[in-house]
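The numbering used here puts the first residue of the sequence shown at 3, with every later residue one more than the last. Single-structure report; data block below.
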Amino acid sequence: MKMNNKSIDIFAETNPALCSLIIFHFCNGYAKKNKSGVPFPLIIIVLPIILSNDLSSSFDNTSVRTGFFGWIEKTPSIILNISDRINDSNEFIKPAIEYGLFKNIFAINEEGNLNSVKKSIKNKKYNFDHLFKCSERLGGWMGEVNSVKTIYNHLAIQI
């Protein structure tokens, strides 16, 4: 069955509420390593990586200690088509950010970076916990790097 030229599974995985929760968990992971908040250029990377079924196995056998560079080294295929993935994700990245800001799931701080609003989300078990776990891990890895330029360079993303 199709819905707006998308399968129901894709429609479910790219809805603004779920995507904003993925961003929320990314922000939580980032904050564990860097309290300054997530720079917006990193937000556009999260959903294309986390929602890509073919990249989900890149998180297998990783931990917080793996780190961003170790993750890229372990699975260099991550950088293949990353720019296309980001471009193809634009249609659901913006609504996710808007939804998250409207629902106070995350907020923009004084520096213009994104922070999660921890009291806005209750700890419940969801069917998408694996996505949240990977997103939080990715956030921690990127927070440790603390450089948009370095992250973009290692993902072969050009601005």
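Using N, Cα and C, we set each Cβ at its ideal position, and we do this for glycine too. All figures in this text were calculated on a predicted structure; none of them were measured in a lab.
> Which ranges would you report for the alpha helix (DSSP H) in the segment 67-155 if only whole runs of at least 4 residues count?
Replying inline: 69-76, 84-104, 131-147
> Are there 16 or more other CB atoms within 10 angstroms of the CB of residue 26, so buried, or fewer, so exposed?
Replying inline: What you label residue 26 is simply residue 24 of the sequence shown in a count that begins at 1. It counts as buried.
> Do residue 157 and residue 84 have their CB atoms nearer than 9 Å?
Replying inline: The residue labelled residue 157 in the question sits at position 155 within the sequence shown. The residue labelled residue 84 in the question sits at position 82 within the sequence shown. Contact flag set, yes.
> Excluding five sequence neighbours on each side, which residues of the same chain lie with their C-beta closer than 6 Å to the C-beta of residue 17?
Replying inline: For the purposes of this step, residue 17 is taken as residue 15 along the sequence shown, with counting starting at 1. Excluding positions up to five away in sequence, the list is empty.
> When you compare each of 63, 110, 155 to residue 76 by their alpha carbons, which one comes out closest?
Replying inline: As a first step, residue 76 is located in the sequence shown; it is residue number 74 there, counting from the start. Selected option, being the one with the closest Cα: 63.
> Excluding five sequence neighbours on each side, which residues of the same chain lie with their C-beta closer than 6 Å to the C-beta of residue 146?
Replying inline: Residue numbering aside, residue 146 sits at position 144 when the sequence shown is read from its first letter. Cβ neighbours of residue 146 beyond the five flanking positions: 35.
> Which residues in the same chain as residue 80 place their Cβ atom closer than 8 Å to its Cβ, once the five residues preceding and following it in sequence are excluded?
Replying inline: Start at 1 with the first residue of the sequence shown, and residue 80 comes out as number 78. Hits under 8 Å: 51, 57, 60, 73, 74, 157.
> If you follow the alpha helix (DSSP H) that residue 40 is part of, which residue opens it and which one closes it?
Replying inline: Mapped onto the sequence shown, residue 40 falls at position 38. First-last for residue 40: undefined, no H or E at that position.
> Nearest-angstrom Cα distance between residue 67 and residue 87?
Replying inline: Taking the sequence shown and counting its residues from 1, the one referred to as residue 67 is at position 65. Taking the sequence shown and counting its residues from 1, the one referred to as residue 87 is at position 85. Taking the straight line from one Cα to the other gives about 26 Å.
>> Using 9 Å as the threshold, is the C-beta distance between residue 47 and residue 123 below it?
In response: Taking the sequence shown and counting its residues from 1, one reaches residue 47 at position 45. Taking the sequence shown and counting its residues from 1, one reaches residue 123 at position 121. It is not a contact, given that the beta carbons lie outside the stated cut-off.
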